[in-house]
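A.B. asks: Structure provided below as structure tokens; questions to follow.
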Amino acid sequence: CDYWVLKLYSTGNKQWQKSTGGNYYDYGTSVFQATDGGYIVSGLSSSTNGDVTGNHGSYDYWAVKLNGSGNTIEWQKSYGGTASDQANSIIQTTDGGYMIAGHTKSLNGDVAFNHGDNDWWLLKTNSTGTIQWQQSFGGDSLDYLFSLILSNDGYYLATGFSRSFNGDITVNKGKVDMWVMKLLC
């Protein structure tokens, strides 16, 4: 499997397409148009060749920056540790960098802390994909982040679910709860 990015005209006809990846599993989950007219795509990858470099083991967050016509990879980066890491959302930040959000089971490599099992993992990069900071949120059970937006008041809103009853989870009403977090970054 490769990332497949497809740009359509408003009529639904194909304008361009781009496949990128390596010899294993590469799943694109989020795309965002950057202020320079290009596109930033994120998801997960277990590949170690082709367009993918720097895999830490298992699945990593994989971000690919394409130019505006989709035919050139401007840069690509793998982020994570030796366990499974999955990016589900990417947005551009007001300083021109990117915020990549998803979940991680790792506790090494780029991941500095893990509460246990899967945690929400937010990663802030500069405009060329260099990590500026990263943060894990969650408890000792399954915590998955699926969506991230930048709100009009300058905060980041993240949503997903949690099965945890401890750590950063202050209240859990049952087996699996929706979890929403508002962050100033």
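The C-terminal residue of the sequence shown carries number 408 in the working numbering, and the numbering is unbroken.
Note that CB positions come from ideal geometry on N, CA and C, so glycine has one too.
DSSP three-state call for N311: helix, strand or coil?
C.D. replies: Note: N311 maps to strand in three-state DSSP.
A.B. asks: Going residue by residue through the region 358–391, where are the continuous beta strand (DSSP E) segments of at least 3 residues, counting only ones entirely within it?
C.D. replies: Those beta strand (DSSP E) runs which fall completely within the region 358–391 and span 3+ residues are 366–373 and 378–385.
A.B. asks: Going by CA-CA distance only, name the one from Q309, S350, I314 and S307 that's closest to L380.
C.D. replies: Checking every option, the nearest Cα to that of L380 belongs to I314.
A.B. asks: Identify whether H429 lies in helix, strand or coil by the three-state DSSP scheme.
C.D. replies: With the chain represented from 224 up to 408, any question about residue 429 goes unanswered, as that position is not in the structure.
A.B. asks: Whole-angstrom Cβ separation of A306 and L368, contact assumed at under 8 angstroms?
C.D. replies: Contact doesn't hold; Cβ gap of about 16 angstroms is too wide.
A.B. asks: Sort S270, S387, D376 and Q256 by Cα distance to N187 and report the nearest one.
C.D. replies: Outside the modelled stretch of the chain, which goes from 224 to 408, sits residue 187, for which no answer is possible.
A.B. asks: Go through its chain and collect everything with a Cβ distance to V399's Cβ below 7 angstroms, but skip five positions before and after it.
C.D. replies: Once the five neighbours on either side are set aside, the close Cβ partners of V399 are F384 and R386.
A.B. asks: Per DSSP, V403 is paired with what?
C.D. replies: Answer by DSSP bridge pairing, in chain order: T382.
A.B. asks: Would you call the CB atoms of M322 and L267 closer than 8 angstroms?
C.D. replies: Going by C-beta atoms, M322 is not nearer than 8 angstroms to L267.
A.B. asks: Between V190 and V228, which are expected to be in contact by the criterion C-beta below 8 angstroms, what is the C-beta distance as a whole number of angstroms?
C.D. replies: Nothing in the structure corresponds to residue 190, since the chain is present only between 224 and 408.
A.B. asks: With DSSP as the reference, label G230 as helix, strand or coil.
C.D. replies: Inspection of the sequence shows that residue 230 is occupied by Lys rather than by Gly. Reduced to three states, the DSSP call for K230 is strand.
A.B. asks: Which residues mark the beginning and the end of the beta strand (DSSP E) in which T409 is found?
C.D. replies: Since the first residue of the chain shown is 224 and the last is 408, residue 409 is not available in this structure.
A.B. asks: Helix, strand or coil: which one does DSSP assign to S266?
C.D. replies: In the sequence under discussion, the amino acid at residue 266 is Gly, which differs from the Ser named in the question. Three-state DSSP puts G266 in a strand.
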